[in-house]
Amino acid sequence: MIYHIPWIYTPVRTVLAIWHQLTKTEIPELAKCSVLMRERSRVEETIYAMQRAGAGSLQVISDFDMTLTRFAHNGKRVATTHNILDNRLLINEDCTKKMRELLNIYYPIEIDASRSVEEKLPLMVEWWTKVHELLIQQKIRKDLLAQAVRESSTMLRDGYKVFFDGLAEHQVPLLIFSAGVGDVLEEVIRQNHVFHPNVHIISNYMDFDHTGVLRAFKGQLIHTFNKREGALSHAAGLRELQGRPNVLLLGDSLGDLTMADGVSEPQNVLTIGFLNDQVEERKETYINSFDIVLVKDETMDVPNAIFRYITSSRDNK
Numbered sequence: 001m002i003y004h005i006p007w008i009y010t011p012v013r014t015v016l017a018i019w020h021q022l023t024k025t026e027i028p029e030l031a032k033c034s035v036l037m038r039e040r041s042r043v044e045e046t047i048y049a050m051q052r053a054g055a056g057s058l059q060v061i062s063d064f065d066m067t068l069t070r071f072a073h074n075g076k077r078v079a080t081t082h083n084i085l086d087n088r089l090l091i092n093e094d095c096t097k098k099m100r101e102l103l104n105i106y107y108p109i110e111i112d113a114s115r116s117v118e119e120k121l122p123l124m125v126e127w128w129t130k131v132h133e134l135l136i137q138q139k140i141r142k143d144l145l146a147q148a149v150r151e152s153s154t155m156l157r158d159g160y161k162v163f164f165d166g167l168a169e170h171q172v173p174l175l176i177f178s179a180g181v182g183d184v185l186e187e188v189i190r191q192n193h194v195f196h197p198n199v200h201i202i203s204n205y206m207d208f209d210h211t212g213v214l215r216a217f218k219g220q221l222i223h224t225f226n227k228r229e230g231a232l233s234h235a236a237g238l239r240e241l242q243g244r245p246n247v248l249l250l251g252d253s254l255g256d257l258t259m260a261d262g263v264s265e266p267q268n269v270l271t272i273g274f275l276n277d278q279v280e281e282r283k284e285t286y287i288n289s290f291d292i293v294l295v296k297d298e299t300m301d302v303p304n305a306i307f308r309y310i311t312s313s314r315d316n317k
């Protein structure tokens with residue numbers, strides 16, 4: 001039998017000993033070869049602090065496309081919420097061609113590690129605005145969105161059900177910030193049967209006319225690098241988030257790191273970054289930005305393991 005000595009009474013325990021315990025016994029997923037960290041001591045200290053505070057002090061903030069959804073499956077890219085709209089039910093061939101041309105122009109800019117966020121900002125606004133204008137011109141019908149999702153290649157990451165169901169069971173709010181299309185995002189979650197009451201979404205929502213035809217997009221445009229503004233304007237208004245100063249943040253872009261800026265008086269923030277593409281070019285930047293970096297990991301194994309540890313009984317630690 002292994003007896004765990006409470007953290008508060010063990011100031012002499014070394015970081016190495018604690019790390020060995022976390023990776024080898026309690027959170028072995030942190031020892032996976034796909035897991036990279038800059039400061040292991042900060043990671044383990046934050047996880048311990050969150051575990052001591054319990055689920056009642058925690059909220060989870062996450063991006064959606066390529067974070068909660070897979071980046072690829074069997075060597076092929078998985079559809080994002082915008083890609084799901086690329087369906088003959090909804091848009092014509094000319095629109096598809098123009099959207100792909102825009103992707104080929106702007107996506108390399110979005111992930112270019114040599115460019116600053118300030119340099120990227122106006123170009124991201126330009127990209128999203130042009131895409132939305134193309135979609136509006138197609139007069140997309142609301143009643144066909146569910147079918148388009150069913151016919152798409154989109155997939156949530158392996159272990160998604162454990163993730164969503166676990167958060168719901170412990171009544172931990174899940175705030176999803178997405179530069180994608182909120183209506184499509186909701187449908188993906190709904191069709192996977194994990195749209196629980198604790199899920200809150202901030203995204204680009206379509207505005208349909210009385211006949212159910214797309215006529216505009218609602219509110220302020222949300223893109224990869226302006227999520228801070230969305231966090232500040234929306235998160236503070238969600239009563240469920242009050243009194244939850246510990247944050248588990250998931251994203252696949254450096255812009256996602258600002259999603260916790262709306263948290264009132266944060267105490268412990270642990271950031272997990274999914275590095276899906278151009279790994280060698282972006283690895284150093286991600287390691288220096290996120291607490292934990294998951295390289296080409298299409299699962300929720302690490303977030304699930306950390307959450308399982310945070311919500312485990314403190315009496316047994």
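First residue of the sequence shown: 1, per UniProt numbering; consecutive thereafter.
From the three backbone atoms N, C-alpha and C, an ideal C-beta is built for every residue, glycine too.
Just so it is clear, the structure is predicted and the values come from calculations on it, not from any experiment.
message: Pop quiz: Phe64 and Ile140 are said to be a contact at Cβ under 8 Å. What is the actual Cβ separation, rounded to whole angstroms?
response: So it is not a contact: roughly 19 Å between Cβ atoms.
query: How close, in whole Å, do the beta carbons of Ser62 and Leu250 come, if the pair is a contact with beta carbons under 8 Å?
result: 4 Å
message: Quick check: Val162 and Gln191, are their CB atoms within less than 8 Å of each other?
response: no
message: With a threshold of 8 Å on Cβ separation, who are the neighbours of Tyr205 within its own chain once the five nearest residues in sequence on each side are excluded?
response: Val181, Gly182, Asp183, Phe217, Lys218 and Gly219
query: In angstroms, rounded to a whole number, what distance separates the CA positions of Ile111 and Lys120?
result: 9 Å
Euclidean distance between Cα positions of Ala72 and Ala53: 36 Å
- request: Please name the residue, chosen from Ala179, Ser203 and Lys296, that lies closest to Cys33 on a Cα-to-Cα basis.
  value: Lys296
message: Three Cβ pairs or more, each shorter than 8 Å: is that satisfied between the region 80-91 and the region 264-282?
response: no
message: Suppose you measure from the CA of Pro197 to the CA of Asp301; what does that come to, to the nearest Å?
response: 23 Å
task: Return the Cβ separation of Ala55 and Val172 in integer angstroms, given the expectation that the two are a contact with Cβ distance under 8 Å.
output: 5 Å
message: Just verifying my parser: in three-state terms, what is the DSSP assignment at Ile287?
response: helix
query: Among all the DSSP beta bridges, which residues are the ones paired with Asn246?
result: Leu58 and Asn268
task: Determine the DSSP secondary structure at Arg100, reduced to helix, strand or coil.
output: helix
- prompt: So what's Thr224 in DSSP terms, helix, strand or just coil?
  reply: coil
- prompt: From this set, Glu186, Glu298, Leu123 and Pro28, which residue's C-alpha is nearest Gly159's C-alpha?
  reply: Glu298
- prompt: So, helix, strand or coil for Asp256, using DSSP?
  reply: helix
task: May I ask you to list the residues that DSSP assigns as paired with Lys76?
output: His73
query: Roughly how many angstroms lie between the CA atoms of Thr224 and Val125, to the nearest whole one?
result: 9 Å
- prompt: Where does Ile105 sit, in a helix, a strand or coil, going by DSSP?
  reply: helix
query: Quick one: what does DSSP say Arg141 is sitting in, helix, strand or coil?
result: strand
Per-residue burial, His210 [other beta carbons within 10 Å of its own, 16 or more giving buried]: exposed
- prompt: Which runs of the alpha helix (DSSP H) fall wholly inside the region 125-177 and span at least 4 residues, in chain order?
  reply: 145-151 and 160-169
query: Residues in its own chain within less than 7 Å of Ser170 by CB, not counting five upstream and five downstream?
result: The residue you asked about is not Ser; residue 170 is His in the sequence shown. Excluding positions up to five away in sequence, the list reads Ala55 and Thr311.
message: Taking only three categories from DSSP, how would you classify Phe217?
response: strand
- prompt: Taking all protein chains shown into account, do 16 or more other C-beta atoms lie within 10 angstroms of the C-beta of Pro303, making it buried, or fewer, making it exposed?
  reply: buried
- request: For Leu185, count neighbouring C-beta atoms within 10 Å of its own C-beta (all shown protein chains included) and say buried if the count is 16 or more, exposed if not.
  value: buried
- prompt: Would Thr67 pass as a contact of Phe274 if the rule is Cβ separation under 8 Å?
  reply: yes
task: Keeping to the same chain, check which residues put their C-beta closer than 8 Å to that of Glu187; ignore five residues upstream and five downstream.
output: Leu145, Ala146 and Val149
message: Considering only DSSP beta bridges, list what Phe274 is partnered with.
response: Leu294
Rounded Cβ spacing between Ile287 and Arg42 (contact assumed at less than 8 Å): Actually they are not in contact, since the Cβ atoms of Ile287 and Arg42 sit about 13 Å apart, beyond 8 Å.
task: Output the distance between the C-alpha atoms of Ser114 and Leu294, rounded to the nearest integer angstrom.
output: 21 Å
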